[in-house]
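Mapping the sequence shown onto our numbering, position 65 (from 1) lands on 81, and the numbers just tick up by one.
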Amino acid sequence: MTRNLLGIRHLDVETIQNLISLGRTFKAKVTSGEKIEPMSDQVVGLLFFENSTRTRVSFEQAAFYLGLKCSNFAAAGSSISKGETLRDTILTLRHERLNGLVMRHRSSGSAQLAAGYFGGPVINAGDGSHEHPTQALGDALTIVERKGTLDGLVVAIVGDVEHSRVARSNAWLLSKMGAEVRFVGPRTMLPSHVSMLPGTLYHEMPAGLEGADVVMALRLQRERMGEGMVSSIDEFTRNYQVNREKLRFAKPDCLVMHPGPINRGIELDDISADGDHSVIHQQIENGIFVRMAALHWAFGGGAIKQAETKKSGKKVKA
Ligand code: NCD
17 MTRNLLGIRH LDVETIQNLI SLGRTFKAKV TSGEKIEPMS DQVVGLLFFE
67 NSTRTRVSFE QAAFYLGLKC SNFAAAGSSI SKGETLRDTI LTLRHERLNG
117 LVMRHRSSGS AQLAAGYFGG PVINAGDGSH EHPTQALGDA LTIVERKGTL
167 DGLVVAIVGD VEHSRVARSN AWLLSKMGAE VRFVGPRTML PSHVSMLPGT
217 LYHEMPAGLE GADVVMALRL QRERMGEGMV SSIDEFTRNY QVNREKLRFA
267 KPDCLVMHPG PINRGIELDD ISADGDHSVI HQQIENGIFV RMAALHWAFG
317 GGAIKQAETK KSGKKVKA
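In structure tokens form, the structure reads like this:
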């Protein structure tokens, strides 16, 4: 059976728990220097049609630790710039005998489309403003490490939720795991069809952040915005920047998160980004381990799979 990781929305709780748990197992192995049985003779295509630093490098690192070979593909320098369609590119890669794909693309739904054409495992590394499942898995691992659980936590996702695939994947994952999700921001940046997303809308920071265990700041994703979405950056910053003053409304031990890239001084100030509450560096590192879990889950694997089966009885407390 082909396993695609296209989004969190349609994953069941057990699969999410197993992926987080497997990410934890890989973290322990990698950090202790324990040998990981290589998943040799498989090639994963990394297709990034949009810019990326963290996601791309961590997929490369994840593949490296697992012994998978990467075939890197960037839109510039490929036949896309000669007018080839996404469909033809995906079919070409299938016939180049790649074993699976990791893809980032500006269009929502493109990962699903690619999975249909490719017919093998496809992992979504971000499709438009739709989903970014491995980011949510890494964020969940980071929260579980600090708080021990996701169940019962209050998570405030602040800023440009409307254009954020990170917000969507996180909202699905967190709510499935029993957390309360709040979307905090100006009307123009919160989803208008909120009934389709699990979360409650707040337009004021004091109410939105009150009692929050986790505060997640988001970048203004101007590349996806129409004109006039923010009346002024100054106004957004004044009202919705996550900073020391605003964090007083959250719990004293709240975590500060950001998927990166940060626009410092806009959605997040330096003190909060670099302070004791920040787990932004852990988010980056955990991204590698949950991507190992995602690649392993999607590609299947010999010896590691046995290790996974042995450990899977021990569920992550989430
Ligand atoms: C995010 C993305 O690309 O969706 N970054 C990431 O993958 N870590 C968030 C963003 O671009 O603002």
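All C-beta atoms, glycine included, are put in the ideal place defined by N, C-alpha and C. The structure presented is a predicted model; accordingly, all values stated were derived computationally and were not measured.
Going by CA-CA distance only, name the one from Arg-307, Arg-254 and Asp-290 that's closest to Glu-283.
Arg-254
First and last residue of the uninterrupted beta strand (DSSP E) at Glu-30
Segment 29 to 48 is the alpha helix (DSSP H) holding Glu-30; no beta strand (DSSP E) there.
Rounded straight-line distance, which links the Cα of Gln-257 to that of Glu-178:
17 Å
Closer than 8 Å is the cut-off here; do at least three beta carbon pairs connect the segment 110 to 130 with the segment 151 to 158?
no
For the alpha helix (DSSP H) that Ala-172 lies in, which residues bound it at each end?
Unbroken run through Ala-172 is the beta strand (DSSP E), 170 to 174; no alpha helix (DSSP H).
Run of the beta strand (DSSP E) containing Ser-87, from where it starts to where it stops
85 to 90
For Asp-143, write down the residues that DSSP places opposite it in a beta bridge.
His-121 and Glu-147
Using a threshold of 7 Å, state whether the C-beta atoms of Ile-296 and Arg-260 are closer than that.
no
Spatial distance of Gly-142 from Arg-181 (CA atoms)
7 Å
Please confirm whether any heavy atom of the ligand NCD lies closer than 6 Å to the CB of Val-182.
At least one heavy atom of the ligand NCD is nearer than 6 Å to the Cβ of Val-182, so yes.
Would you mind giving the Cβ-Cβ distance between Glu-147 and Arg-25, rounded to the nearest angstrom? I have them listed as a contact below 8 Å.
Contact between Glu-147 and Arg-25 holds: CB atoms are separated by about 7 Å, below the 8 Å threshold.
Measuring alpha carbon to alpha carbon, tell me which residue in Gly-136, Leu-169 and Val-138 is nearest Glu-227.
Per the sequence shown, the amino acid found at residue 227 is Gly instead of Glu. Gly-227 has its Cα closest to that of Leu-169, out of Gly-136, Leu-169 and Val-138.
Taking C-alpha atoms, which residue in Gly-276, Leu-271, Gln-33 and Thr-31 lies nearest to Ile-159?
Leu-271
For the ligand NCD, any of its heavy atoms closer than 6 Å to the Cβ of Asp-142?
Reading the sequence as shown, one finds Gly at residue 142 and not Asp. Yes, since a heavy atom of the ligand NCD falls inside the 6 Å radius drawn around the Cβ of Gly-142.
Status (buried if at least 16 other CB within 10 Å, exposed otherwise) for Arg-120
buried
Leaving out the 5 sequence neighbours to the left and right, which residues in its chain are closer than 8 Å to Lys-85 when beta-carbon positions are compared?
Gln-58, Val-59, Val-60 and Ala-79
Starting from the C-beta of Gly-2, find all residues in its chain whose C-beta is less than 8 Å away, skip the five residues before and the five after it, and write them out in chain order.
The chain is shown only over 17 to 334; residue 2 falls outside these bounds and no answer can be derived.
Report the rounded CA-to-CA distance for Ser-87 versus Val-29, giving the unit in angstroms.
32 Å
Looking at the ligand NCD, does it come within less than 6 Å of Thr-71, judged from the CB to the closest heavy atom?
yes
Just the C-alpha distance for Ser-185 and Gly-23, rounded to the nearest angstrom, thanks.
7 Å
Alpha-carbon to alpha-carbon, Arg-264 and Met-241:
30 Å
Which of helix, strand or coil does DSSP assign to Thr-253?
Three-state result, Thr-253: helix.
Quick check: does the Cβ of Gln-257 come within less than 6 Å of any heavy atom belonging to the ligand NCD?
No; taking the cut-off as 6 Å, the Cβ of Gln-257 has no heavy atom of the ligand NCD nearer than that.
Just reading off the alpha helix (DSSP H) that Met-308 is part of, what are its end residues?
Its alpha helix (DSSP H) spans residues 296 to 315.
Over what stretch of residues does the beta strand (DSSP E) that includes Leu-225 continue unbroken?
No beta strand (DSSP E) contains Leu-225, which is instead part of the alpha helix (DSSP H) from 221 to 225.
Tell me whether Arg-40 is buried or exposed, calling it buried when 16 or more other Cβ atoms sit within 10 Å of its Cβ.
buried
Do Gln-237 and Asp-285 count as a contact pair if the criterion is CB distance below 7 Å?
Cβ distance not < 7 Å, so Asp-285 and Gln-237 don't count as in contact.
What residue range does the alpha helix (DSSP H) around Glu-196 cover?
Note, Glu-196: premise wrong, no alpha helix (DSSP H); beta strand (DSSP E) at 196 to 200.
Kindly indicate which three-state DSSP category Phe-64 falls into: helix, strand or coil?
strand
Could you tell me if Asn-67 is buried or exposed, where buried requires 16 or more neighbouring beta carbons within 10 angstroms of its beta carbon?
exposed
Unbroken beta strand (DSSP E) run spanning Leu-217, endpoints
216 to 218
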